[in-house]
Amino acid sequence: MSKALLASASALALVWSTPVWAQSSGGTVIEELIVTAQKREESVQDVPIAVSAFSEQALRSQGIDGAGNLVQSVPNLTFTRRALRTNFQIRGVGAQLVSTGGDDGVGVHHNNVPLTANRLADAEFYDVERVEVLRGPQGTLYGRNATGGVVNVITNKPTDVFDASVTAEIGNYNSIKLQGFVNVPLGDMFQLRAAGFALQRDGYTDNTLNGQDIDDREIWAARVTLGFTPTDNFRGYILWDNFSEDDTRGARKQLCQKDVGLTNVLGVPTGAAQAAFTQGCLPASVYGDNVYGTTNQLSTFTGIIARQIGLQSTDAFAGKTISRDLREIEVYGRPTYRPRTDLYELNLEWDVTPELTATSLTSYNENENYTRGDSTGGFSSVPFGITPFTPTGVLNDPQFGITDRLMSESGGTSHNEQWTQELRLQSNFDGPINFNAGGIYLNYKATSITYVATNAATAAVRVVQPLAYVDPLRNPDFTGHNYYISLSEYELKSKAAFGEVYWQAMDDLKFTLGLRYTDDKKWTRGSGSTLFTPGRGPSFTPDQSVQFKETTGRLNVDWSPDLSFTDDTLLYASYSKGYKGGGFNPPGVVTLGLNPSYEPEFVNAFEVGAKNTLADGRLLLNLTGFYYDYQGYQIGRSVNRSVYNENIDAKIWGVEMESIWEPIDNLRLNANIGYLNTEIDQGKVVDTFNRTQGNSAYIYANSTNGGCILNAQGVANLLQVPGGATLLANFACGGTGSGTSTIRGRLLAAGVPAATANALTNGVYNYGPGVSLFANGAGEGVIQDLSGNDLPNAPEWTVSLGAQYRWELPNGWNATLRGDYYRQSESYMRYNNAFFDNIEAWENVNASLIVANPDIDLSVQLFVKNLLDDDTIVGFDINDENLGATRSVFLLDPRLYGISITKGF
20 MSKALLASAS
30 ALALVWSTPV
40 WAQSSGGTVI
50 EELIVTAQKR
60 EESVQDVPIA
70 VSAFSEQALR
80 SQGIDGAGNL
90 VQSVPNLTFT
100 RRALRTNFQI
110 RGVGAQLVST
120 GGDDGVGVHH
130 NNVPLTANRL
140 ADAEFYDVER
150 VEVLRGPQGT
160 LYGRNATGGV
170 VNVITNKPTD
180 VFDASVTAEI
190 GNYNSIKLQG
200 FVNVPLGDMF
210 QLRAAGFALQ
220 RDGYTDNTLN
230 GQDIDDREIW
240 AARVTLGFTP
250 TDNFRGYILW
260 DNFSEDDTRG
270 ARKQLCQKDV
280 GLTNVLGVPT
290 GAAQAAFTQG
300 CLPASVYGDN
310 VYGTTNQLST
320 FTGIIARQIG
330 LQSTDAFAGK
340 TISRDLREIE
350 VYGRPTYRPR
360 TDLYELNLEW
370 DVTPELTATS
380 LTSYNENENY
390 TRGDSTGGFS
400 SVPFGITPFT
410 PTGVLNDPQF
420 GITDRLMSES
430 GGTSHNEQWT
440 QELRLQSNFD
450 GPINFNAGGI
460 YLNYKATSIT
470 YVATNAATAA
480 VRVVQPLAYV
490 DPLRNPDFTG
500 HNYYISLSEY
510 ELKSKAAFGE
520 VYWQAMDDLK
530 FTLGLRYTDD
540 KKWTRGSGST
550 LFTPGRGPSF
560 TPDQSVQFKE
570 TTGRLNVDWS
580 PDLSFTDDTL
590 LYASYSKGYK
600 GGGFNPPGVV
610 TLGLNPSYEP
620 EFVNAFEVGA
630 KNTLADGRLL
640 LNLTGFYYDY
650 QGYQIGRSVN
660 RSVYNENIDA
670 KIWGVEMESI
680 WEPIDNLRLN
690 ANIGYLNTEI
700 DQGKVVDTFN
710 RTQGNSAYIY
720 ANSTNGGCIL
730 NAQGVANLLQ
740 VPGGATLLAN
750 FACGGTGSGT
760 STIRGRLLAA
770 GVPAATANAL
780 TNGVYNYGPG
790 VSLFANGAGE
800 GVIQDLSGND
810 LPNAPEWTVS
820 LGAQYRWELP
830 NGWNATLRGD
840 YYRQSESYMR
850 YNNAFFDNIE
860 AWENVNASLI
870 VANPDIDLSV
880 QLFVKNLLDD
890 DTIVGFDIND
900 ENLGATRSVF
910 LLDPRLYGIS
920 ITKGF
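This is the structure in C-alpha cells:
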C-alpha cells in the first residue's frame, strides 16, 4: 500500500468494536483489517471469535493513546490501574485479587508474547500495527490461559522500503509529546526499524500544602526491531523495547466521613476506649456531601502507636477538612513513581514445506518499580505537645527528618524477570483438515516489598525494642525494624502443550477443536512484619509450593450461509473452558489464622455470534450472545496492611451489538453496545469495612494489626471495671490468650481473680453463629452471604457512539471531523455491593479534526478529550484500616486539548 493511501486512511480511519475499517478506493465498500486472533492471518469478519481491533491510524483518530482509553471503544470492557499489573475486565472477568503470585484474568500480550507483569497501564501506544482485544476465555492458543480474554499489542515490523515519520504534539498542562520512527533496509537480507516516544507534562492535581502540582508525567520509550530474511523460506526479527518513567504519580484524592468513635456502649461511657472504637472513616458514598473530612488518626497504624506510647493521645486531624475540589489534595513532599521495563523478543518462522510453517517465539522481560509517598491524605492539624519523646516539641526521624507532628508514608519496590519459549507448527493444506499445534514454557520470578513508615514507630522502637535496627537512611533500604515491611518472593514455572484442528466439512461449514494441557508450579516465601523485633532485615516464613495441572480447550462451529438479505454472513457457536491458577496469601494474613492459599478459577463459556455485511458493503452489523458458568472466581480484600484472597462462584450472561454504517459517501457512523448481567452464586466473606454487618450485638475495634469485632455487652461490662477502658484502648483485638498484650493477661497481672478475668475476657470475645474468628479468638467479622450480588467493575450497559465526515479540499487536502461519545451505567467497585460501593453512571465526549495532504505526507490534528470537562469518578479503592479506611478515587482525565503535526518521509 502506498504512503499516500496510508496517510489517507489515517485521516478517515474509523474504529468499531470488531474490526478497524478503511475506505476502499471505490468509496462504497468497507474493507476489513487482517488480524491474527487465531495466530494466523484472517479477515476480522471471517474470525469466529468476538474480537476488536484498532489500527495505528484508528487509535490516533479516536484519541486512544493508551490502554485506559480502550474501554470507550470495546463493549463490556473496563479497566483499572494496579501497581504490578494492568487490570482489564472483559464481560465482568478480570483480576479482583491482589497477589504477587496471582494471574491476570485478561492476558496482556506483546507480539503474541504473554506478559505476566507489564507496563501497559503506564505506556502509550506508538508505532503499532494494531491492538487486538479478544473477548472470552482463551484456553488454547494464547500463551498462559486467560479466563476473560486477551489484549494483544502488535508493533510495526521492518520492511524493505525506506520510511520515516515524526509527530510533535503540544497541549494544555504544558504537555509536550514526541514520537516517530525510521525504517531502513540494510541490503537484501536485513531491515531495521527504530521508534521512540517521549512525554512530558504537568500534573493534573494541585498540592495545596506547597502549591506544587502532582501527577505529572515524564516518560521515555524506545523500540528497535531488526528484521532478517536470509532465504525465501526463513524469516524473523529480534526486538528490544524499553520503557521508563520518573515522576510524581501515585497520590490521589482521599475522601472520608470522619468516624469519631463510640462515646458509649449500651449506655456505658467509653472514656479512654473511644479511640479504639473508630475505623477512621464511616461507611459513606464517595458522592456524599459529607466526605470532605479527614480520617480519625487514632484509628490508623500511626495514631494507635502514638497514643499507646503517650506521644499523642488526640486525633491529629481534629477539626480538619479538605478541599471539595477533587483535583486538589494535601500531601507532604512529592510522591515518587519510577517504573522501568526492558523486553526482548526473537521470532523465527521457517516454511518447512509450502504447507507447513514452524514458528519459534522467545522472549525475556524485566520489570522494576519504586514508589513512595505520603499516606495520610492530609497534613496533621495538631502538632506534638511536650512529651518524653518530644521534649522540644519535635521528633528527629531518619526517614522524615525533623517534624513537629505525626507523619506517615507508604510505598514499596518490586522486581521481576520472565523467560518464555513458544514453538508452533501450523499447516496450510489444500484439503479440508488443517492444524495449529505447539507448546510454551514460561519462567517468572518476582520479588516485592510493601513499606509503611511513621515517625511514631521509630520513636516507639527506640524505647520498646533497643535491639531493633533503626534504618538511618532517608531513602530506606527496607531492612529496618522501625517500619512495617512485607516481603514476598515468588517463582512460577509453567509449561503447556496446545493445538487446534480445523475441519472444513463443507464450503460454508467449518469445525474447530482446540485443547490445551497446562502444568503450573508456583513457589513462594515471604517475610511478615519485623516492626518492633530485634535484629535487621527480613524474617522469612517457611516456603510454600503448589502445582496445578489442568486441561482446557474450545469447540467451535461456524457457518457462512448465502442469504438473500446480506452480502456476507458468518454464524458461529462455541464452547470454551478457561482456567486461572490458584496461589498464596501473604504471611501477614496467614498469621491471623486465615487460609494460606486460594484455589484456581474456571469458566465454562458458551457463545453464539453473527457477523454480517449488508447494503453493498455500506453496513456492517455484528451480534454476540454469551453465557458463563464461573467457578472459583478469585477475589481479594484488604486485611492487616496486606490482602487476603479467596474464591466465589458466579453466573454471567450478556449480549453485544457492533455496527458501522456509511449511508452516504464520506459519512460514517458507528455504534457499540454491550449489555452485561452478573450474579454471584455462592460466596461467604467478611467485609473488612463493614465487619458487624449492622448486627448491634457487636461493635468494631481497631488495633495495629487491623480491626476486629467485640461483643457489645461484654465490652459494656469491662468498661465498668476500673482500668477496663484503658485495656480496651490498647488491647481490644488481642484475643482470648493470656499474654502481656491481651486483656486477660493484663487483668491477671493486675491481681484480678482468675474467675473474674476469665468471665470479663470471655464476655468481650463471645460470639454467636455466623461470625468468623481470627486465630487469637477475636472476631474477624460477621459473615456476609454474597449470593445475588453483582460482580465488581461490571456495568450493566456500555455504549459507544461515533461519527465522522470527510471533506475533499483543493490542492490535494482533505479534512475529517470526528466525534465520539461513551456512556457506562452504574456499577459496584466491590463484590460486597454495599451502598458505599456504588459508582454512578458516567459519560465522556471526545472530538478531533484532522487536515491531511497525502501527496506531501503531512497531517495536522486538533483534538479535545473529555469535552464536558467533568471531574468524573470512574473508580476508587478503600484504603486499609490501618491507613484510615479513606476512599482514594480514580478520576477521568480532565479536559485535554492540543494540536499534533505528523510528517512522513
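If you read the sequence shown in the working numbering, its first letter stands for residue 20, the second for the next number, and so on. Where a beta carbon is used, it is the ideal one built from N, C-alpha and C, also for glycine. It should be emphasised that the depicted structure is a prediction, and the values quoted were computed from it without experimental measurement.
Original post:
In chain order, what residues of the same chain have a beta carbon less than 7 angstroms from the beta carbon of Trp826, not counting five sequence neighbours either side?
Top reply: Asn833 and Ala834
Subject >> Reduced DSSP category for Val609 - H, G, I as helix; E, B as strand; rest coil >> reply: helix
Subject >> Burial state of Pro580 (16 or more Cβ within 10 Å) >> reply: exposed
Original post:
Exposed or buried, which one is Lys630 when buried takes at least 16 other CB atoms within 10 Å?
Top reply: buried
Subject >> Straight-line Cα distance separating Asp235 from Thr395 >> reply: 20 angstroms
Subject >> Opening and closing residue of the beta strand (DSSP E) in which Ile897 lies >> reply: Ile892 to Ile897
Subject >> Under the three-state DSSP convention, the category Pro358 falls into >> reply: strand
Original post:
Terminal residues of the continuous beta strand (DSSP E) containing Asn833?
Top reply: Asn833 to Gln843
Original post:
What's the gap between the Cα of Tyr594 and the Cα of Pro94?
Top reply: 20 angstroms
Subject >> First and last residue of the uninterrupted beta strand (DSSP E) at Arg154 >> reply: Val147 to Arg154
Original post:
Should Lys670 and Glu698 be called a contact, given that it needs their Cβ atoms to be closer than 8 angstroms?
Top reply: yes
Original post:
How many Å lie between Gly917 and Ala866 at the Cα?
Top reply: 11 angstroms
Original post:
Helix, strand or coil: how does DSSP classify Thr775 here?
Top reply: helix
Original post:
Would the region 531 to 543 and the region 552 to 559 be scored as touching if the rule is three or more Cβ pairs under 8 angstroms?
Top reply: no
Subject >> Where Thr321 falls, given that 16 or more other Cβ within 10 Å makes a residue buried >> reply: buried
Subject >> Limits of the unbroken beta strand (DSSP E) element including Val172 >> reply: Gly168 to Thr174
Original post:
Can you list, in chain order, the residues of its chain whose CB lies under 8 angstroms from that of Pro410, leaving out five sequence neighbours each side?
Top reply: none
**OP:** Could you tell me which uninterrupted alpha helix (DSSP H) segments, each at least 4 residues in length, are contained entirely in the region 52 to 85, listed from first to last along the chain?
**Re:** 75 to 80
Original post:
Bridge partners of Thr186, per DSSP?
Top reply: Gln198 and Thr921
Original post:
Should Asn666 and Tyr652 be called a contact, given that it needs their Cβ atoms to be closer than 8 angstroms?
Top reply: yes
Original post:
Can you list, in chain order, the residues of its chain whose CB lies under 8 angstroms from that of Thr37, leaving out five sequence neighbours each side?
Top reply: Unreliable placement is indicated for Thr37, whose pLDDT of 34 sits below 50; no coordinate value is reported for it.
Original post:
Looking at the structure shown, is Leu910 part of a helix, part of a strand, or coil, going by DSSP?
Top reply: strand
Original post:
Just reading off the alpha helix (DSSP H) that Arg326 is part of, what are its end residues?
Top reply: Phe320 to Ile328
**OP:** Give the DSSP-derived three-state secondary structure of Glu859 in the structure shown.
**Re:** coil
Original post:
Assuming Pro605 and Ser661 make a contact with CB atoms under 8 angstroms, what is their CB distance in whole Å?
Top reply: 4 angstroms
Original post:
Does the region 793 to 802 touch the region 753 to 761, meaning 3 or more C-beta pairs lie closer than 8 angstroms?
Top reply: yes
Original post:
Excluding five sequence neighbours on each side, which residues of the same chain lie with their C-beta closer than 7 angstroms to the C-beta of Asn885?
Top reply: Asn863, Leu911, Asp912, Pro913, Arg914 and Leu915
Original post:
Hey, does Val147 have any beta-carbon neighbour from chain C nearer than 8 angstroms?
Top reply: Looking for chain C here will not work: only one protein chain is present.
Subject >> C-alpha distance - Val34 paired with Gln843, whole-angstrom precision >> reply: Residue placement at Val34 is poorly supported in this model, since its pLDDT is 33, which falls under 50; the coordinates are not used for a value here.
Original post:
To the nearest angstrom, how far is it from the Cα of Gly807 to the Cα of Asp700?
Top reply: 6 angstroms
**OP:** Could you check if Lys272 is buried or exposed, using at least 16 other CB atoms within 10 Å of its CB as the buried criterion?
**Re:** buried
Original post:
Looking at the structure shown, is Thr780 part of a helix, part of a strand, or coil, going by DSSP?
Top reply: helix
Subject >> Alpha-carbon spacing of Leu574 relative to Asp526, whole angstroms >> reply: 19 angstroms
Original post:
Does the distance from the CB of Gly798 to the CB of Ile728 come in under 8 angstroms?
Top reply: yes
**OP:** With DSSP collapsed to three states, give me the class of Glu510.
**Re:** strand
Original post:
To the nearest angstrom, how far is it from the Cα of Pro288 to the Cα of Thr282?
Top reply: 6 angstroms
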